[in-house]
Each structure stands twice: as C-alpha cells, then as structure tokens.
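One structure is given here, and the rest of the page talks about it.
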Amino acid sequence: MVEVEFKKEELSLIRDAIINSIKTRVEKFGFKGAVINLSGGVDSSLVLKLTYMALGSKRTHALILPEEGITSEKDLKDAEGLCKELKINYEIIPINKPLDSFKETLSFIKGDLKWGIANLKPRIRMIYAYFYANAKKLLVVGTSNKTELLLGYGTKYGDLGADIYPIGDLYKTQVWQLAEFISIPTDIVKKTPSAGLWKGQTDEEELGYTYYQIDRVLYCLVDLELSVRETAKILKIKENAVKDLYERIIRNEHKRRTPTITKISRMCLDKDWRYPVERF
Amino acid sequence: MREIKVLIAQLSTKLGDVRGNEKKILKAIEMAKREKVHLLLTPELSTLGYGSGDIYLDKVNENLESLERIKKEIDNFYAIIGYVEKDEYGFFYNSACLIHKGKITGNYRKVQLVNYRLFDEKRYFKRGTKLPVFDIGKAKIGILICEDVWFPEPSRAMALRGADVLIVLGASPFERGKKEIWEDFLTQRARDNILPLLFCDQAGCQDGVTYLGYSMYVSASGNVVKTAKLLEEDYFIVNVDLEEAKRLRRRDTRLRELHRDILEELLKAYEEMENGGSGI
Chain A
1 MVEVEFKKEE LSLIRDAIIN SIKTRVEKFG FKGAVINLSG GVDSSLVLKL TYMALGSKRT
61 HALILPEEGI TSEKDLKDAE GLCKELKINY EIIPINKPLD SFKETLSFIK GDLKWGIANL
121 KPRIRMIYAY FYANAKKLLV VGTSNKTELL LGYGTKYGDL GADIYPIGDL YKTQVWQLAE
181 FISIPTDIVK KTPSAGLWKG QTDEEELGYT YYQIDRVLYC LVDLELSVRE TAKILKIKEN
241 AVKDLYERII RNEHKRRTPT ITKISRMCLD KDWRYPVERF
Chain B
281 MREIKVLIAQ LSTKLGDVRG NEKKILKAIE MAKREKVHLL LTPELSTLGY GSGDIYLDKV
341 NENLESLERI KKEIDNFYAI IGYVEKDEYG FFYNSACLIH KGKITGNYRK VQLVNYRLFD
401 EKRYFKRGTK LPVFDIGKAK IGILICEDVW FPEPSRAMAL RGADVLIVLG ASPFERGKKE
461 IWEDFLTQRA RDNILPLLFC DQAGCQDGVT YLGYSMYVSA SGNVVKTAKL LEEDYFIVNV
521 DLEEAKRLRR RDTRLRELHR DILEELLKAY EEMENGGSGI
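These protein sequences, in sequence, are chains A and B.
At the far end of the first sequence sits residue 280, using our numbering, and the numbering has no gaps.
At the far end of the second sequence sits residue 560, using our numbering, and the numbering has no gaps.
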C-alpha cells in the first residue's frame, strides 16, 4: 500500500518547519514582510496562511490578480474572503490591460501563440509581485508544490518566479491535507484545481490523470526510488502511464534549476561554488 | 547515587555567523555556571553552524579564534564544543573538543563523514580514525558526532575502553520519520553498550533545512528519559545516572561476552567486502 498522505501526528511538525523557513528568510535579509500572488486556489491560500502564521497579519501581503472574463467570481470571492479573515494587506488588480497590450504589440509574430499567451498571464502576475515587493521591501513567496515542480507544471519566470517555495516539497494531496489541518476554508480546499489559464480549464484534465493517481506515481518514483516497472506493478497501473510521467520529470529538470552556466573558470558558479543562500 | 549534571544546549546556530554563534555558546556557558553543571554540550560544528557549505573553508581561522575566546570562559566544569579543527598539514576535521579550566583536554574527530543526499562532508573534512574515551573527573565519556552513532562499532570501542556515558553531538536535518529514526538509533546504541547516552542536536531553520532538535537523554536500559523541543532552540539539564549501567551489567553480560574470534571474523568479512567480495 502506497500512502502519500501524512499521518495526522506529522502535520504540526511539517507546518512548523515551513513557518520557520519563511520567518528565517524574511528576517535574514531584513525584508519587511512577504507577498503572495493569491488566486483563491488551495496552494496560494495555504502559502498565504503559513506566511501569516510566520509573520503576522501586518507583514503579510497578498496580490489578487484576476483576468476579467476568465477568473471566476468564486475564486475572487474566496481569495478576498481569506485576506479579510486573516486581516492581511491586499490589493486586487486585474491583469487585462497589460495582457491586452502585450497581445496587441506581439500580434505581428507568426507561429503558434497559444502557449506564449497562456504563459504571459503568470508572467504578468510575477511582474506585479516583484514590483510590489520592491516597493515595500518584501519577499516574494512562491506557491509551487512538489507535484507541479516534478511535472514542470508551471511557467518559468511566471508562477515559478519567486524567492522561496515553502510548499515545494509537498505533493498536491499533501497540500490538501495541510490546508485542511490549518483550517483553510473548506470551499477552497475542495475546489477543483485549475491554473486558470483559460475558462473551464482544470489541472487534472490537462495533465490527463487525477492528482491522486499522479502523486502516487511520483511518490513511488521519487521518494521510494522505484523503477517505472516496479511503480506500475505496485500501483497496478499501465507501465506506459508511469513512463509518461517519468519522462515528464526528466524533461523538466531545467524548470527546477537556475539557467545552466557554461563552465570556463575553475570556479563555475553553479557547479564548483557551493554557498548557502542564507549565509551570515 | 552517582550521577553527573549535564546541560544540553540545543542551539539554533546560524550559517557562518561565528560571532553570533559564539554569543549563543557563551550564553550556554553562563547558564552552565549558574546551574553548576558538571558538563555542557553544544551541537556538531556549533561555532560555524551545520550546512555552511564552502564557508567552512573560508572561516576556519575565525572559528578557531572564537574557540580560543570560548575556552577562556570555561572554568571548573567541562564543555564539549563542536567546531572545525585544522591540523598541521592544513586539513580540516569535523571535531568536538573537550574543554576544562580554560584548556582543551581532549579532542575527537568525526569518523563517519556523511556524503549522501544533501550531505557533503567529504568535500571539506578529513575523517578521524581514533575512538578514545576522555576523563571528566566524575566519569569517563566517549564522544561521537552524529553519523558515528548510526554505526554500532565506534560506540562499542568506547564502551570497551570503559566509557561511563556516550555523548553524541548532532546536526540532523528534519524530514519525515527522522524523529523515530533517531529514537531507534540512540536507544539501540545505549542498549548495545549498556550505557547512558546524551544527544545534543542543532535546531532552527536555514536555507530551507530545518534541524530536528529533539536532543535527549537515554538511560543505560535504553529508555528515553527526557527530550528537548522539536525544531526549536532549547536548553535542558539532566542528571545522568552512572550506576544503572553497572547494575544492569551484573546480569546483562553481553559486553563481556563479546569474543575476539567474532571480532576477527568481522574484520575478515570486512576485508572480503573491501576487496570486492567473491567477484574478484
């Protein structure tokens, strides 16, 4: 039996480790607080609340950046509701204007624009987050989870653009568990996951599997270090489905790294040089 | 009852912050004096902080100067401080020194350096090869550093050399199941050798790694008597029972029933493995 889910008694320790890591980073670099792009989904809601638990309401900021016509009223309402409940600072800024402007000025470019345009949205949101962070001396807290990081289900310099990933070692199913544990509103926890890239989009439809299925496969491949064949056998699923996910993990290594530096000197900064970020 | 009073300083050290870590160690020394303890323990590499990466190479001298200042503050009691040692050839060791009345009266070099997953000790340190015991007046002690206690052999040598207490300095990154792993290893080593054991671990979070904390006192019968907080800095005082081991050894004859032929067989088996087993 493969169990990705945390045992109940583990949850408080995991919560504390994440809270500690946010607090340490903010204090180490003398930030005045942290900002999170809040979508109304479970990942950003969880990260927002953990940040609030680490820093308090005054030092926690949220940006709600809907795309009018695409972002659902429900998401907007849930996001705003959470900010009000936690009494944190927040702004609502629709991204339609910059998005339209980009589309207009880029329209002469020939080719398949679907993904470029889809990626513009998280990238615009990232720009807003860093603009706001610069203005107020804040840390940008990312909301990517382990499932997304492994599958490369995120936009480079978009939603992946952040200073820290406090839930980057939690699978989606674990995110749900922790969110429930720290009392994120049920409406948010139970919501169908969506990256909100187009109307009616759901993650599970786009990925081709449910998060429950995906997480079990990833957990076997990564955490239990089983082979594709062993994973298929233990989970009683088709080897091709596992292979498909395995190849996605391999293909997306670049999304989990800083850009590869070509080594020339004896001290290449991403290869030979090894310093912690939070050094004193 | 024959016992020794020990202060376990479960410090949250900062990466490369020699001055800041020194302050914390000095605070622990003040507390040791106030509480009139016989022995004070700090975590592994506490002058520089575990996980410092290449900072170990840069700040060795600074850490040695710090140790000089720390040394002077230790009067009539004993203290074991984790630090980076530099030998006459310029090689570094992950070491612990025993200080008494302003002088270093003993030194131990970690024998089992860790180099898997996030660990990278062989990049910086040379391993120790000696397994001595040290006299601290009221008792003989064996000092181990973290991974050393995950092997049965080092502590066994110290038990055979007449240790009354096993001391383990650690810096253990928190992850799922780690608390239980430490409980298992520490209670097992106490049982193996029929000796009380003290574990002093690092706490706090840096660079996304949270240290477990959970320092503990395990009795000679292998029971966890007292534990420190998980993840957070904590200080605790224990009175270590030095008589229980002797009492238990009246009927628990395992230590004296260890036989030379078994050890010789062990050595032969080891040599076979070293030579590539039957494949060569």
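Just so it is clear, CB atoms sit at the ideal spot from N, CA and C, and this is done for glycine as well.
- With respect to the C-alpha of Glu302(B), the residue from Lys285(B), Glu342(B), Asp464(B) and Thr467(B) having the closest C-alpha is Glu342(B).
- At least 8 angstroms separates the CB of Phe371(B) from every CB of chain A.
- Taking CB atoms only, Asp16(A) has a neighbour in chain B less than 8 angstroms away.
- Just so you know, the alpha carbons of Lys172(A) and Glu524(B) end up roughly 49 angstroms apart.
- From the beta-carbon of Gln482(B), no residue of chain A is found nearer than 7 angstroms; the closest lies around 13 angstroms away.
- In chain B, no part has a C-beta under 7 angstroms from the C-beta of Phe181(A); the shortest such distance is about 15 angstroms.
- Residue Ser346(B) holds the alpha-carbon nearest to the alpha-carbon of Gly300(B) among Arg314(B), Val317(B), Met311(B) and Ser346(B).
- According to the DSSP assignment, Ile335(B) belongs to the alpha helix (DSSP H) that extends over Ile335 to Asp338.
- Less than 8 angstroms divides the Cβ of Lys243(A) from the Cβ of Val228(A).
- Taking a C-beta distance under 8 angstroms as the contact criterion, Ile423(B) and Phe414(B) qualify as a contact pair.
- At least one CB of chain A lies nearer than 8 angstroms to the CB of Asp334(B).
- The beta-carbon of Leu13(A) is placed less than 8 angstroms from the nearest beta-carbon of chain B.
- The Cβ of Leu344(B) sits no closer than 8 angstroms to any Cβ of chain A.
- Within the model, the alpha-carbon separation for Gly296(B) versus Phe29(A) is close to 15 angstroms.
- A buried status is given to Phe479(B), since no fewer than 16 other beta-carbon atoms sit within 10 Å of its beta-carbon.
- Ala179(A) is not a Cβ neighbour of Ser57(A), given a cutoff of 8 angstroms.
- Excluding five sequence positions before and after Asn145(A), the CB atoms of its chain that fall closer than 7 angstroms to its own CB belong to Asp43, Ile167, Gly168, Leu170, Tyr171, Lys172 and Val175, given in chain order.
- In this structure the segment 456-474 of chain B touches the segment 486-499 of chain B; the number of beta carbon pairs closer than 8 angstroms is three or more.
- Boundaries of the alpha helix (DSSP H) harbouring Arg229(A): Val228 to Leu235, taken from the DSSP string.
- If the five residues before and after Phe516(B) are omitted, its C-beta is found closer than 8 angstroms to the C-beta atoms of Leu287, Ile288, Gln290, Ser495, Lys506 and Ala508, all from its own chain and listed in chain order.
- Leu378(B) is bridged by DSSP to Ile360(B) and Gly386(B).
- Only residues of its own chain outside the window of five on either side were considered, and among them Ser57 have a CB closer than 6 angstroms to the CB of Lys87(A), listed in chain order.
- Contacts with chain A at 8 angstroms (Cβ-Cβ) include Gln486(B).
- Residue pairing of Gly33(A) in beta bridges, as defined by DSSP: Leu138(A).
- The Cβ neighbour count for Glu348(B), taken over all protein chains shown within 10 Å, is under 16; the residue is labelled exposed.
- At least one CB atom of chain A sits nearer than 8 angstroms to the CB of Lys294(B).
- DSSP, reduced to helix, strand and coil, places Lys271(A) outside both helices and strands of the structure shown, so it counts as coil.
- Annotation for Ala179(A): no beta strand (DSSP E) segment contains it, though the alpha helix (DSSP H) segment containing it runs Lys172 to Phe181.
- Between the beta-carbon of Leu55(A) and that of Ile22(A) there is about 7 angstroms, and that keeps the pair under the 8 angstroms contact cut.
- Under the Cβ criterion (8 angstroms, minimum of three pairs), the segment 441-453 of chain B counts as touching the segment 394-414 of chain B.
- Distance check between Gly386(B) and each of Ile361(B), Asp481(B), Lys313(B) and Lys285(B) places Ile361(B) closest, using alpha-carbon atoms only.
- Below the 7 angstroms Cβ cutoff, chain B contributes no neighbours of Arg266(A), its closest Cβ being approximately 13 angstroms away.
- Taken through DSSP and simplified to helix, strand or coil, His254(A) comes out as helix.
- By alpha-carbon distance to Arg530(B), the top candidate from Thr322(B), Ile542(B) and Ser501(B) is Ser501(B).
- From the beta-carbon of Leu510(B), the residues of chain A found nearer than 7 angstroms are Leu13.
- Residue-level contact by beta carbon holds for Val277(A) and chain B, with a gap shorter than 8 angstroms.
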